[in-house]
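Comments concern the structure below.
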Amino acid sequence: MIEILNDEELARAAVTGQLVGSILQELRSRAGVGTNLLEIDQWARSLILEAGATSCYVDYAPSFGRGPFGHYICTGVNDAVLHAKPHDYRLADGDLLTLDLAIVKDGVAADAAISFSVGAAREAGDEALIAVTEQALAAAIDVARPGARIGDISHAIGTVLASAGYEINMEFGGHGIGSTMHQDPHVANDGRPGRGVRLRRGMLLAIEPWVMADTNQLIVDDDGWTLRSATGCRTAHSEHTIAILEGGARILTIPAGPVG
Numbered sequence: 001m002i003e004i005l006n007d008e009e010l011a012r013a014a015v016t017g018q019l020v021g022s023i024l025q026e027l028r029s030r031a032g033v034g035t036n037l038l039e040i041d042q043w044a045r046s047l048i049l050e051a052g053a054t055s056c057y058v059d060y061a062p063s064f065g066r067g068p069f070g071h072y073i074c075t076g077v078n079d080a081v082l083h084a085k086p087h088d089y090r091l092a093d094g095d096l097l098t099l100d101l102a103i104v105k106d107g108v109a110a111d112a113a114i115s116f117s118v119g120a121a122r123e124a125g126d127e128a129l130i131a132v133t134e135q136a137l138a139a140a141i142d143v144a145r146p147g148a149r150i151g152d153i154s155h156a157i158g159t160v161l162a163s164a165g166y167e168i169n170m171e172f173g174g175h176g177i178g179s180t181m182h183q184d185p186h187v188a189n190d191g192r193p194g195r196g197v198r199l200r201r202g203m204l205l206a207i208e209p210w211v212m213a214d215t216n217q218l219i220v221d222d223d224g225w226t227l228r229s230a231t232g233c234r235t236a237h238s239e240h241t242i243a244i245l246e247g248g249a250r251i252l253t254i255p256a257g258p259v260g
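Residues in the sequence shown are numbered consecutively from 1, following the UniProt record's numbering.
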């Protein structure tokens with residue numbers, strides 16, 4: 001299903017998107033060396049509920065997971081890049097942390113992810129890994145406008161990632177979003193321009209370039225959810241929800257300010 005939102009729904013989407021961005025910013029500011037991933041999950045829960053929103057994750061039980069996800073945010077550390085379940089782990093100096101958050105407020109969902117280094121230490125390559133996902137996201141948003149096609153977005157992402165020397169996994173990517181978190185169309189992280197669904201005003205897309213430093217292969221943890229690089233290499237993930245408008249794309253998941 002592909003939803004086309006009217007002006008009133010787009011206004012509500014903007015509110016949800018700002019809330020997602022603000023919660024992620026708040027969690028980033030709180031997370032530091034010694035923070036437990038389960039603490040981040042509880043902070044996310046409190047911020048979501050205080051804002052009158054609903055988590056997209058707690059009861060989420062798609063075909064590729066094992067039962068309901070059961071948490072409020074994805075917390076990927078180092079080699080964990082997607083669907084990472086919070087667990088009893090305290091962040092160490094130099095960890096590369098990815099936070100991925102999706103919520104629904106007033107009937108409209110928004111989804112975003114950020115990756116960043118924890119503490120003062122930096123492992124070689126982490127900054128470049130994060131930067132390339134952000135650059136690929138910016139390139140994708142730049143071509144997203146009415147009349148363009150999904151393949152144009154995928155090609156923009158793939159061009160940036162491949163030019164930087166990274167292999168691209170095609171199993172998981174971005175997606176349509178609206179009254180529910182995951183909708184059509186699928187937005188692969190590489191593709192051919194001029195192909196796929198044509199973009200229309202009122203469409204929402206969650207675009208999410210992600211990479212692994214030296215592989216394109218994933219393995220699944222025993223929890224049935226957390227996806228890690230097959231080689232144990234570092235990973236990064238950047239995501240925004242955008243609205244397709246007459247003049248191009250509007251990024252919805254930019255933080256409006258502190259929450260809570």
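We put the beta carbon where it would ideally sit given N, CA and C, even for glycine.
Per DSSP, SER22 lies in no beta strand (DSSP E) segment; the continuous alpha helix (DSSP H) that holds it begins and ends at 7 to 30. The continuous stretches of beta strand (DSSP E) do not include SER154, which lies in the alpha helix (DSSP H) extending over residues 150 to 163. With a 10 Å radius around the Cβ and a threshold of 16 neighbouring Cβ atoms, ARG66 comes out exposed.
In the DSSP assignment, ARG250 is bridged to ALA243. A residue is called buried once 16 or more other Cβ atoms fall within 10 Å of its Cβ, and THR231, having fewer, is exposed.
Exclusion of the five residues before and after ASP93 leaves VAL33, VAL118, GLY119, ALA120 and ALA121 as the residues of its chain whose Cβ lies within less than 8 Å of its Cβ.
Put simply, the backbone Cα of ALA11 is about 21 Å away from that of MET1. As DSSP reads the structure, LEU49 sits in no beta bridge.
The beta carbon of ALA136 sits closer than 7 Å to the beta carbons of ILE157, VAL160, LEU161 and PRO209 from its chain, once the five residues preceding and following it are set aside; these are given in chain order.
In this structure, the CA atom of ALA84 is about 5 Å from the CA atom of CYS74.
Checking the DSSP bridge columns, you'll see LYS105 partnered with VAL108. Bounds of any alpha helix (DSSP H) do not take in THR235; it lies within the beta strand (DSSP E) bounded by 235 to 237. In the three-state reduction of the DSSP assignment, ALA84 falls in the coil class. When the beta-carbon positions are compared, GLY174 and LEU204 stay at least 8 Å from each other.
In the structure shown, TRP43 adopts helical secondary structure according to DSSP, grouped into three states.
Judged by DSSP secondary structure, ASP184 falls outside any alpha helix (DSSP H) and instead within the beta strand (DSSP E) spanning 183 to 187.
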